[in-house]
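>
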Amino acid sequence: MSVVVITLLAAAYGAAGGLLLPRAAYRLSVAPGEPWRAHCPAGHPVPRWLGPARCHGAPYGASAPGVAAVCALVCGALAAAGGARPEVGVYVGLAPGLVLLGLVDLAVHRLPDVLTLPLAALAAALLGAAALAPRAAGSWRLALLGGAALAGAYLLLFLINPAGIGFGDVKLALALGVALGWYGWGVWALGAFLGFAYGALYGLGLLLGGRAGRRTAFPFGPFMAAGALTGVLLGGFGA
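So, in structure tokens, the structure goes:
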């Protein structure tokens with residue numbers, strides 16, 4: 001199967017998955033300790049977990065077409081970078097879950113355990129299976145070491161400055177470190193660095209624009225994910 005076909009199939013999968021995420025993002029976007037949302041802003045019960053966020057024709061929460069476009073772009077880019085290698089199926093398959101995490105973090109500055117921990121477990125297990133398949137271009141051992149190393153680094157930062165790094169970021173780092181470590185320490189280091197770089201540039205932009213102060217908190221998970229995505233893409237193209 002050609003890379004073009006694989007890319008189109010991955011983009012279609014991402015678009016379809018993205019259309020299902022807005023309702024889940026809305027229901028999960030609550031403060032720690034609060035129950036998941038069960039009603040729309042108008043007070044009507046929200047059926048099920050997946051689907052667009054609409055109630056009696058009125059949209060709420062994240063835009064389904066916008067989320068679908070983001071997922072399609074991410075999944076298509078991953079497929080274009082990795083082609084027919086088995087790890088690509090893992091990255092593409094898990095990408096909508098990472099987008100869902102970003103939506104929740106943007107909404108309430110929180111990365112729920114119900115998403116971060118399964119994502120890390122799935123990334124490790126599925127890459128382990130991919131390592132056994134022909135044409136795999138990475139190392140499962142390095143993936144596991146990368147997950148432990150990045151989570152450990154974020155844990156240290158959390159202990160030093162809990163106001164700057166949340167414990168949810170530590171758990172997300174476990175999954176991202178596994179994904180980055182697959183292609184080796186060079187990709188791991190680049191993805192980890194870019195996560196901080198993207199976040200710093202965003203914070204600097206807010207500061208220079210007068211929209212935030214030095215102590216203003218903002219969600220860091222999306223920037224961690226963007227840095228890891230960049231690293232994985234470059235690793236895929238390099239492999």
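Numbering (UniProt numbering), first residue to last: 1 to 239.
The beta-carbon is built from N, C-alpha and C at its ideal position, and this holds for glycine as well.
The structure displayed is predicted, hence computed values, not measured ones.
(1) State the beta-bridge partners of H39 as determined by DSSP.
(2) Relative to the C-alpha of L127, which residue among G181, G168 and G152 is closest?
(3) In the structure shown, what three-state DSSP assignment does P59 receive?
(4) Are the beta-carbon atoms of G231 and L190 separated by less than 8 Å?
(5) Please report the distance separating the alpha-carbon of A228 from that of G195.
(6) For the alpha helix (DSSP H) that contains L159, what are its first and last residues?
(7) With DSSP run on the structure shown, which of helix, strand or coil describes R27?
(8) When the Cα atoms are used, what is the spatial distance from S2 to G89?
(9) Distance check for W185 and L233, CA to CA, integer angstroms please.
(10) Find out if the Cβ-Cβ distance for the pair A129, L176 is shorter than 8 Å.
Quick look at the numbers:
(1) P45
(2) G181
(3) strand
(4) yes
(5) 7 Å
(6) W140 to I160
(7) helix
(8) 15 Å
(9) 14 Å
(10) no
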